[in-house]
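Counting along the sequence shown from 1, when you hit position 95 you're at 95 in the UniProt record's numbering, and nothing is skipped either side.
Note that CB positions come from ideal geometry on N, CA and C, so glycine has one too.
Values in this document were obtained by computation on a predicted structure and should not be read as measured data.
Scroll down for the structure; my scribbles are underneath it.
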Amino acid sequence: MTSRKCTNCSARIRGRSASESTRSERPWRDATFSWPRSKPVAARLFCFSAPFGSGLATLAKFQHNQRLEELRNLLNRLSKEKVEWAMQEEHISEQRKQLLKFQEQFRIENMDIQQLKENLYQKLEALGCQDIS
1 MTSRKCTNCS ARIRGRSASE STRSERPWRD ATFSWPRSKP VAARLFCFSA
51 PFGSGLATLA KFQHNQRLEE LRNLLNRLSK EKVEWAMQEE HISEQRKQLL
101 KFQEQFRIEN MDIQQLKENL YQKLEALGCQ DIS
């Protein structure tokens with residue numbers, strides 16, 4: 001077992017070196033970390049994402065992969081929202097057609113009622129002229 005400091009955040013790392021590692025090809029998998037209390041969480045995350053002095057190249061690759069994953073998630077969400085939007089638009093257009101149909105039906109019935117009303121007034125007037133009481 002060896003003890004060394006991380007090149008990114010100066011955390012103490014205890015574990016097997018690459019030559020001593022028998023369990024895996026990645027010795028940091030078996031390592032334990034002890035963080036300095038003065039290091040903020042962001043520095044700890046930076047260290048965790050770029051293990052053992054791999055530097056900015058690994059961090060850039062990690063950030064790139066993370067951004068790609070975020071883009072995939074956003075594309076999935078966008079496609080789901082497009083489907084929902086299309087379904088809502090179809091539902092609204094059906095409701096609009098039904099509303100126009102009811103509006104036309106109401107207009108026709110209203111015209112019929114007006115016609116019947118006029119006919120009744122004409123009959124009432126004719127009866128009034130005949131002096132039937």
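Close beta carbons around residue i, own chain, < 8 Å, minus the five adjacent residues each side
i, result
"H91", "none"
"Q66", "none"
Inter-residue Cα distance where the pair is residue i and residue j
i, j, result
"E69", "Q63", "10 Å"
"residue 202", "S79", "Only positions 1 to 133 of the chain appear in the structure, and residue 202 is not among them; the question remains open."
"N73", "Q88", "22 Å"
"E125", "M111", "21 Å"
"K123", "E109", "21 Å"
"L116", "Q130", "21 Å"
"Q95", "K101", "10 Å"
"A86", "Q98", "18 Å"
"N76", "K82", "10 Å"
"F106", "Q114", "12 Å"
Three-state secondary structure (DSSP) of residue i
i, result
"Q130", "coil"
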